[in-house]
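Peer 1: Under mature numbering (1 follows the signal peptide of the UniProt record, and there is no 0), the letters of the sequence shown match residues -29 to -1, 1 to 1144, in that order.
Here's a structure for you.
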Amino acid sequence: MLNTPRWRAVLAGIAVVAGLCVPQAPALAAPEPAKIDAAVQAQLDKDDKATFWVRMKGAADLSGARRAVAKDTKAELVFEAKTERAAASQAGLRKLLDSRHTDYTPYWIVNAVRVTADAKLAGEIAKLAEVESIRPVRTVKLPDPTPGKAEAKVKVADSATSEVAVEWNIDRVNAPRVWSELGNRGEGIVIAHIDSGAQFDHPDLVQSYRGRNQDGTFTHDYNWFDPAHVCPTAAPCDNNGHGTHTMGTMVGANGIGVAPGAKWIAAKGCEVNTCTDASLLAAGQWVLAPTDLNGQNPRPDLAPDIVNNSWGGDGYDPWYKETVEAWVAAGIFPAFANGNEGPACRTSGSPGQYVESYSAGGFDINNALYNRSSKGEGENGEIKPNIAAPAVNVRSSTPGNTYSSFTGTSMASPHVAATVALIWSGSPGLQGKVAATRPLLDSTAVDVSDTSCGGTAADNNVWGEGRLDTYAAVQAAPHDDLGDLRGTVTSAGAPVAGVTITVSGPLSRTVTTGQDGTYAVPRLLPGDYQVSAEKFGYEKAGATATIAAGQAATADVSMTRLQSGVVSGTVSTAGAPEAGATVEATGTPVSAVTDASGRYSLTLPQGDYELKVTPVSRCSSGTTASVSVAGEVTKDIELPLRGDNFGYTCKSGAQAYVAGTEKLALSGDDEAVQVTLPFQVPFYGTGYGKAWIGTNGYVSFATDRVTTGSNGRLPTTTTPNNAVYPYWDDLIMDAQAGVYTGVTGTAPHRTFVVEWRNAAFYNASGLRVSFSALLGEDGSIAFRYKDIDSEREQGSSATIGIENAGGTDAMLYSYEEPVLSTGQGLTFTASRHGLVIGAVTDANDGRPLAGATVKVGDVATFTTGEDGSFYGQVLAGDYDVVVSKEHYGTFTKAVTVAPATVTRIDTALVTGQVSASAGELTVVMPAGSTRTRTLELTNLGSPTPYTVVSEPWFATTPASGELAKGQKVTLKATLSSAGVAPGTVKTGTLLVRSASGRQPTIEIKVSVVVPKLQVAIDTGATKNVVDSAGDTWTPDKKYAAGSYGYVATSTGTSSTSKAIAGTADQALFRTAREKMLEYRFDNVPAGTYTVELDFADLKSTQPGKRVFDVLVEGQLAIPALDLALEAGTYTAVSRQYTVKVTDGQLNVRFATRQGATIVNAVRISERPDRATP
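What follows is the structure, given as structure tokens:
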């Protein structure tokens, strides 16, 4: 339940809440048929709940306030009458709502309560006799002022000795004459507005904010009201921009405001782009009696003098009329915009068309009517607008310490409000007298005859009374009870011109002495005044004066000149003279412009100063420098280059045009084509190999195609982004135009050229422009221009600059400004960054190494590509560059990266190169046995550790170790066939891991094969032999059917005690059988078999003397075996052959070609691990 003076706003709309005088008894009565509005009833029928306004019968009696003279008294009486009437008439309703625990907000500026209730309660409310009606909530749209163009400022006399620049609209209403001739800037007057808020600390608003304390702190209580609590803090805000703009036109400094000496307060009646009726009524209530930030403790004595309202709805709607009437009764002047619904007649909006409202239409710099300015008539046939003021291309303050030009009658009304401030400041007796002030505005306006919508030549429904003349209105105000002040300022007997005279007393005024040292301050209230005289170069002086009504007082002032000195020097940028730069001593009027050599000279009183330098170059930034002046002082000043957050800076100057050579297949409007760049282009820290080239004058490194011709100010998060913009505009590549590319220079200093040749403008036939973008391999970006003649070709509708990928950082050279010329060149350099490039290879094979990490200090990390190269921008500085890759050695090098230079770092990373003697290890063994086998590891690369991982069923030693370059190690694998059934195979993997970059892990397949049948024969032997692998070989025997053995017609054995070369199994190879024809094996199960044959010639046989063939299962396995020729005698030779047996018998035949056949051992093994030979 809300029943406190804090007026909470919700998203709602305009309510018709005009008060009517009726009895206030709370007794229930039968509901009148029309009490509940149809729209409210429909919502209740649909949702059984609605938010609505309950209008109470009766209105407060404001006659006492109207009779009062003092403004504070008027506001107090209105507040008392309104609040007392609301409390009495709403008592019964509030009691009912409290009993139902209903959400509601009572108002007193209008006799109404905002309620959220269900249908049943709404019906009960309607039955209350004191209830007039139940109306829906609605919204008012805040006018959307049309963005305007910048108009030239106007120089006007600030005094008899100086000029100031003001906006055209300020000059047009003659406000500067009020300042300079009358010393009146609106001092002592407070203006409020109901709008979207205001940036309270805007440079041109902060001094005039009533909430600013003398010590620079702020008190927002009674000076700011945000009924809907839109702003993120308790401080004033403006989330639209409309309010900051209108406030600037009223009280803004530096030539944007009509009454810069007045103070301002504000109520945020518009949440964003719309204004809820709840917020507007709460704001109207607050204007009459400002509250603290909690909406408590209202103080009508702090009510403003004037309230501007640059908002309104269409047509006539009396919902806000009671509020405006209350303001007028309280002595608050109500200024309103008349609306932007023209050019038709009868388009004046509400509340502007009320009789009590003083509304403004608009005109432009040529004194022509703003084409959308709403026209009357108004309420009860009232002439509307009342007056016309500047409304087209009005430049004023906007949030973010910026300025913009807007168009609309929202811009006109503030001129009227501020003019009233000047009138009341100049004639204090008029303050709070709204009725007496309106005729001053009316009678002094410049008549404009237009009776097309009714009225007369002097007062019509198009222009009202005519064009506002602020000076004439102030001059027309009565001043019979005022006096004047005059005087002369001298120094050593000579007049001093340009002295600022500040008069403080019952009124405050500021004027400036003329060439003869005299000054005049007219229209001062009688009383005592302090006169202060200030001019740079002189000691401050003062005097006193007493003003009498109808008389002129004199206050002469004598000033003492301060001793002075001269400071001079040269202004330069990047070592080059900066011509045309302005050098000013801050806080003084002294400044100079540098000559072609960058020289300047300033004469200043002795003391300490801050010199502020403002360059004309768009590539330089301003700076400040401290200097102590005592006699002749030299102070040279170096300007920093202007840059973006990344560090790109620019340089502008005369440069030769660079054209492309190859025409792209790109033409038409809003088209683009992607190209592969001839090299990586570094841009905002990332290298790009492809780019989109568009017809609209930019190159984008974005992934997707973008073709927009609607240029914007950089940076912007809207597309295209990640682009260079030599000339972003809406261009057409027609038959006479073309886009050309080319490459100049040699690596690593190549340049990719993109030229837009003879490009046409979409909406400006006959105009053409040529320009090119130069993308450097070293990261530089340059633009070139030619055929630049007209203002449009000079860039008045184009964007020039570069922008990062996210649209969050950019180096903007110009936005829609005619600043380009033929022969001009722009170069953008990453001034804080250098380019780091290089290649990484494998030290063993010299081939490129992809995926290597290149870490440059803590500022950048790059990864090599497939070609082993890396490329990127890093901040200039000294770094340890670390190049690494898993399984490779780390390379570290200290480097110095210089700005805008290329630093190359090539390296070959060392790594091991471990290989295994076999890719698989297969052991054929009987079931339930254990065997040992060996493998050899060799490292041909850099020293590396290694580890060996076995599976649980076999073991390998050693399990780890170190391998130096060229070193070998033998691995011993012990395998078991336990649990392996005959005719099956068990497999696993042996892993060898090392720091070998190309092959860090070697996988060796390990197989244990348990054959169904294995026969191992040691030919010529007489007993069993166990070989070095642990396998048993039996003596051979002559074949017998159903068994196995040799087949021969004449055979014999041979043996030797000599050592047999090439084998560890001496016993196996020292015996042999000769002259056999065959070894035959019966009862061999069908399957795949390996046949192993061991040979050694045990005699001193000469080559060619023993030659024979070996056939296995009828297939030639070993043709023309000549042991003496192949290996020599007493040397082991082993052969293995795999066959498939299907007939139950395996035959190994020996066919002589020359001499006797011979074999030392024969073994056959069934191989379940092999399906085919």
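For every residue, glycine included, the Cβ atom is placed at its ideal position computed from N, Cα and C.
In this text the structure is predicted, and so the values were computed from the model without any measurement.
Tell me the rounded alpha-carbon separation between Gly488 and Gly458.
Peer 2: As a working mapping, residue 488 is identified with position 517 in the sequence shown. As a working mapping, residue 458 is identified with position 487 in the sequence shown. The alpha-carbon atoms of Gly488 and Gly458 are separated by roughly 8 Å.
Peer 1: Check each candidate in Tyr628, Tyr1101 and Lys91 and name the one with the smallest Cα separation from Lys1029.
Peer 2: By 1-based counting over the sequence shown, the position of residue 1029 is 1058. Measuring from the Cα of Lys1029, the nearest candidate turns out to be Tyr1101.
Peer 1: Between the region 64 to 79 and the region 326 to 335, are three or more C-beta pairs nearer than 8 Å?
Peer 2: Contact fails: fewer than three Cβ-Cβ distances are below 8 Å.
Peer 1: Near Thr87, which residues of its chain fall below 6 Å by C-beta distance, leaving aside the five closest residues on each side in sequence?
Peer 2: Along the sequence shown, read from residue 1 onward, the residue named residue 87 stands at position 116. Once the five neighbours on either side are set aside, the close Cβ partners of Thr87 are Thr22 and Asp74.
Peer 1: Assuming the contact rule is C-beta atoms closer than 8 Å, Leu648 and Gly656 should be a hit. Round their C-beta distance to whole Å, please.
Peer 2: Along the sequence shown, read from residue 1 onward, the residue named residue 648 stands at position 677. Along the sequence shown, read from residue 1 onward, the residue named residue 656 stands at position 685. Rounded, the Cβ-Cβ distance is 17 Å, inconsistent with contact.
Peer 1: By the three-class DSSP mapping on this structure, what secondary structure does Pro361 have?
Peer 2: As a working mapping, residue 361 is identified with position 390 in the sequence shown. Strand, per DSSP.
Peer 1: Between which two residues does the beta strand (DSSP E) holding His213 run?
Peer 2: Position 242 of the sequence shown, counting from 1, holds the residue named residue 213. Premise fails: His213 lies in the alpha helix (DSSP H), His213 to Val222, not in any beta strand (DSSP E).
Peer 1: With the cut-off set at 9 Å, would you say Asp749 and Pro653 are in Cβ contact?
Peer 2: Residue 749 sits at position 778 when you count from the first residue of the sequence shown. Residue 653 sits at position 682 when you count from the first residue of the sequence shown. Against a cut-off of 9 Å, the Cβ pair of Pro653 and Asp749 comes out as a contact.
Peer 1: Is Arg181 near Trp235, with beta carbons less than 9 Å apart?
Peer 2: If you number the sequence shown from 1, residue 181 lands on position 210. If you number the sequence shown from 1, residue 235 lands on position 264. Yes, the Cβ-Cβ distance between Arg181 and Trp235 is below 9 Å.
Peer 1: Could you check where the alpha helix (DSSP H) with His386 kicks off and where it finishes?
Peer 2: Working through the sequence shown from its first residue, we reach residue 386 at position 415. Counting along the chain, the alpha helix (DSSP H) containing His386 begins and ends at Thr380 to Gly397.
Peer 1: Does the beta-carbon of Lys957 have 16 or more other beta-carbons within 10 angstroms, so that it is buried, or is it exposed?
Peer 2: Numbered from 1 along the sequence shown, position 986 holds the residue referred to as residue 957. Buried.
Peer 1: Apart from the five residues on each side of it in sequence, which residues of its chain come closer than 6 Å, Cβ to Cβ, to Gly954?
Peer 2: By one-based count along the sequence shown, residue 954 stands at place 983. Cβ within range, chain order: Lys983 and Pro1139.
Peer 1: Residues bridged to Arg438 by DSSP?
Peer 2: Within the sequence shown, residue 438 is the residue found at index 467, counting from 1. BP columns for Arg438 point to Ala359 and Val417.
Peer 1: Buried or exposed: which applies to Leu533, given that a residue is buried once 16 or more other Cβ atoms fall within 10 Å of its Cβ?
Peer 2: In the sequence shown, the residue the question calls residue 533 occupies position 562. The residue is exposed, with fewer than 16 neighbouring Cβ atoms inside 10 Å.
Peer 1: In angstroms, rounded to a whole number, what distance separates the CA positions of Trp282 and Asn210?
Peer 2: What you label residue 282 is simply residue 311 of the sequence shown in a count that begins at 1. What you label residue 210 is simply residue 239 of the sequence shown in a count that begins at 1. Their backbone Cα atoms lie some 16 Å apart in a straight line.
Peer 1: Check each candidate in Ala388, Arg148 and Gly658 and name the one with the smallest Cα separation from Ala233.
Peer 2: Position 262 of the sequence shown holds residue 233. Closest by alpha carbon: Ala388.
Peer 1: Is Asn268 buried or exposed, if buried means 16 or more other CB atoms sit within 10 Å of its CB?
Peer 2: Taking the sequence shown and counting its residues from 1, one reaches residue 268 at position 297. With fewer than 16 Cβ atoms within 10 Å of its Cβ, Asn268 is classed as exposed.
Peer 1: Can you tell me which of the three DSSP states Leu635 falls into?
Peer 2: Walking along the sequence shown from the start, residue 635 turns up at place 664. Leu635 falls in the coil class under three-state DSSP.
Peer 1: Taking the continuous alpha helix (DSSP H) assigned at Ile141, which residues delimit it?
Peer 2: As a working note, residue 141 is residue 170 in the sequence shown. Taken as a continuous stretch (DSSP letters only), the alpha helix (DSSP H) holding Ile141 covers Trp139 to Arg143.
Peer 1: Considering only the beta carbon of each residue, do Gly959 and Ala1043 sit closer than 9 Å?
Peer 2: Against the sequence shown, residue 959 aligns to sequence position 988. Against the sequence shown, residue 1043 aligns to sequence position 1072. Cβ distance not < 9 Å, so Gly959 and Ala1043 don't count as in contact.
Peer 1: Exposed or buried, Ser588, counting other C-beta atoms within 10 Å across all chains shown (16 or more means buried)?
Peer 2: Your numbering for residue 588 matches position 617 in the sequence shown. Ser588 is buried by the Cβ-count criterion.
Peer 1: Whose CA, out of Thr415, Trp434 and Ala416, lies closest to the CA of Cys424?
Peer 2: As a working mapping, residue 424 is identified with position 453 in the sequence shown. Checking every option, the nearest Cα to that of Cys424 belongs to Trp434.
Peer 1: Of the choices Thr541, Arg480 and Ala545, whose alpha-carbon is the least far from that of Ala504?
Peer 2: Position 533 of the sequence shown, counted from the first residue, corresponds to residue 504. For Ala504, the nearest C-alpha among the options comes from Arg480.
Peer 1: Give the straight-line distance between the Cα atoms of Glu726 and Gly709, rounded to the nearest whole angstrom.
Peer 2: Here residue 726 corresponds to residue number 755 of the sequence shown, with the count starting at 1. Here residue 709 corresponds to residue number 738 of the sequence shown, with the count starting at 1. Whole-angstrom Cα-Cα distance: 8 Å.
Peer 1: To the nearest angstrom, how far is it from the Cα of Glu152 to the Cα of Ile394?
Peer 2: Taking the sequence shown and counting its residues from 1, the one referred to as residue 152 is at position 181. Taking the sequence shown and counting its residues from 1, the one referred to as residue 394 is at position 423. Taking the straight line from one Cα to the other gives about 14 Å.
Peer 1: Using CA coordinates, which residue listed in Gly226, Leu67 and Tyr193 is at the minimum distance from Lys126?
Peer 2: The sequence position of residue 126 within the sequence shown is 155, counting from 1. For the residues Gly226, Leu67 and Tyr193, the minimum Cα distance to Lys126 belongs to Gly226.
Peer 1: Helix, strand or coil for Gln1125, going by three-state DSSP, please let me know.
Peer 2: Start at 1 with the first residue of the sequence shown, and residue 1125 comes out as number 1154. Gln1125 falls in the strand class under three-state DSSP.
Peer 1: Which first and last residues belong to the beta strand (DSSP E) in which Ala331 is found?
Peer 2: For the purposes of this step, residue 331 is identified with residue 360 of the sequence shown, where counting begins at 1. It spans Tyr329 to Phe334 - the beta strand (DSSP E) in which Ala331 sits, taken as one unbroken run.
Peer 1: According to DSSP, what are the bridge partners of Ser462?
Peer 2: Walking along the sequence shown from the start, residue 462 turns up at place 491. Its beta-bridge partners are Ala465.
Peer 1: Per the contact definition of three or more C-beta pairs closer than 8 Å, is the region 99 to 107 in contact with the region 529 to 546?
Peer 2: No: fewer than three Cβ pairs fall under 8 Å.
Peer 1: Could you check which residue in Glu134, Val1133 and Leu1092 has the C-alpha nearest to that of Val986?
Peer 2: Counted from its first residue, the sequence shown places residue 986 at position 1015. Answer by Cα proximity: Val1133.
Peer 1: What does the alpha-carbon distance come out to for the pair Gly772 and Ala753?
Peer 2: As a position in the sequence shown, residue 772 is number 801, starting the count at 1. As a position in the sequence shown, residue 753 is number 782, starting the count at 1. The straight-line gap from Cα to Cα measures roughly 10 Å.
Peer 1: Under the three-state reduction of DSSP, which class applies to Gln501: helix, strand or coil?
Peer 2: Residue numbering aside, residue 501 sits at position 530 when the sequence shown is read from its first letter. In this structure, Gln501 counts as strand in the three-state DSSP scheme.
Peer 1: In three-state DSSP terms, what is Glu103?
Peer 2: In the sequence shown, the residue the question calls residue 103 occupies position 132. Strand at Glu103.
Peer 1: Alpha carbon to alpha carbon, what distance is there between Tyr842 and Ala865?
Peer 2: Numbered from 1 along the sequence shown, position 894 holds the residue referred to as residue 865. Numbered from 1 along the sequence shown, position 871 holds the residue referred to as residue 842. Distance between the alpha carbons of Ala865 and Tyr842 is about 17 Å.
Peer 1: Roughly how many whole angstroms lie between the Cα atoms of Lys622 and Asp172?
Peer 2: Your numbering for residue 622 matches position 651 in the sequence shown. Your numbering for residue 172 matches position 201 in the sequence shown. Cα to Cα, Lys622 sits roughly 35 Å from Asp172.
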